[in-house]
Amino acid sequence: MTKKTNLTGLLRDFFKSVQGTLILYFIIIAVIPTLLLSLITYSASSRIINNKVQIYVEQMIIKVKENIEYYFRDLQSLAYMISVNTDLLTALREETFLDRWKEINYNNIC
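Numbered as in my numbering, the sequence shown ends at 735 without a single skipped number.
Spelled out as structure tokens, the structure:
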């Protein structure tokens, strides 16, 4: 208990001195505004980063949507080309489909 009382007394004596008063004013004038400025800066930068991330995500969603649309258009075009390809349709109708498929595939590679 005496240690706590001694510490309190020392702090009281320290802040009654000129040196203690100057340190207290330094804390009030320098440290507190710096902390407030840091909090304001953090809040503003956090909001800006969140907005930029949201815009980026929206742009990515739009790009993915466009890519999926292009993919399905290409798939539809490919399906149409297959449906009008007489060689392929003939091969699909024949019983020897695999042999004919190998022949078509070989001709396309060469």
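Ideal Cβ placement from N, Cα and C applies to all residues, glycine included.
Need the endpoints of the alpha helix (DSSP H) that Glu694 sits in, please. Taking the first residue of the sequence shown as 1, we reach residue 694 at position 69. Note, Glu694: alpha helix (DSSP H), 657-709.
Length of the line joining the Cα atoms of Asp638 and Ile680: Taking the sequence shown and counting its residues from 1, the one referred to as residue 638 is at position 13. Taking the sequence shown and counting its residues from 1, the one referred to as residue 680 is at position 55. Going by the C-alpha atoms only, they are around 57 Å apart.
Let's test the definition: count the other Cβ atoms within 10 Å of the Cβ of Met626 and tell me whether it reaches 16, buried, or not, exposed. As a first step, residue 626 is located in the sequence shown; it is residue number 1 there, counting from the start. Model confidence at Met626 stands at a pLDDT of 49, short of 50, so the residue's coordinates are unreliable; what they give is reported in the following sentence. Classification of Met626: exposed, given that the 10 Å Cβ count is below 16.
C-alpha distance - Thr715 paired with Gln701, whole-angstrom precision: Your numbering for residue 715 matches position 90 in the sequence shown. Your numbering for residue 701 matches position 76 in the sequence shown. So the alpha carbons of these two residues sit roughly 21 Å apart.
How close, in whole Å, do the beta carbons of Ile687 and Asp712 come, if the pair is a contact with beta carbons under 8 Å? As a working mapping, residue 687 is identified with position 62 in the sequence shown. As a working mapping, residue 712 is identified with position 87 in the sequence shown. That belief does not hold up - the Cβ atoms of Ile687 and Asp712 are roughly 40 Å apart, past 8 Å.
For Ile653 and Gln644, what's the separation of their Cα atoms in angstroms? Translated into the one-based positions of the sequence shown, residue 653 becomes position 28. Translated into the one-based positions of the sequence shown, residue 644 becomes position 19. For Ile653 and Gln644, the distance between alpha carbons rounds to 14 Å.
The alpha helix (DSSP H) with Ile624 in it runs from where to where? Residue 624 lies beyond the stretch modelled for the chain, which goes from 626 to 735, so this question has no answer here.
Helix, strand or coil for Glu728? Go by DSSP, reduced to three states. Here residue 728 refers to the residue found at position 103 of the sequence shown. Residue state, collapsed to three classes: helix.
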